[in-house]
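Undergrad: Counting with my numbering, you get residues 1045 to 1131 for the letters of the sequence shown. Idealized CB from N, CA, C, for every residue including glycine.
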Amino acid sequence: MELGERVRVACNEADLRMISEMGVKARDRNNARTPTEKLKTAVSMVKAIVRMQRMGREWKKTTKLGEGLKRAKNEVIKRRERESLKA
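#1: Measuring only the C-alpha atoms, how far is Val1094 from Lys1108?
#2: Just the C-alpha distance for Glu1049 and Arg1098, rounded to the nearest angstrom, thanks.
#3: Determine the direct distance from the alpha carbon of Arg1061 to that of Ala1070, and round the result to whole angstroms.
#4: Secondary structure at Gly1112, three-state DSSP: helix, strand or coil?
#5: Which of the three DSSP states is assigned to Asp1072 in this structure?
#6: Which residue marks the beginning of the alpha helix (DSSP H) containing Glu1049, and which one marks its end?
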């Protein structure tokens, strides 16, 4: 193992010791998840994906509206400038 890797491992171990001394315990990852927990996770993921897709569509509509408003504003400003130059 090269020096940089050894330093990283030593730092990680020191961090974990310090965290455990503070009273924070890591979750036991060895426990197998039940089918019910797996189903709940899958349902949550599907709900999140659907929400993100909906938000993406709404964002797209909003940005299109904003671009149209900017274009209209610029046209009004140009028209006013042309009118003020004529007068």
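TA: With the given structure in hand:
#1: Looking at the two C-alpha atoms, the distance is approximately 21 Å.
#2: Cα to Cα, Glu1049 sits roughly 44 Å from Arg1098.
#3: Taking the CA atoms as reference points, Ala1070 sits about 11 Å from Arg1061.
#4: In the structure shown, Gly1112 sits in a helix (DSSP, three-state: H, G or I).
#5: In the displayed model, Asp1072 falls within coil according to three-state DSSP, outside both helix and strand.
#6: Going by DSSP, Glu1049 is part of the alpha helix (DSSP H) stretching over Leu1047 to Glu1065.
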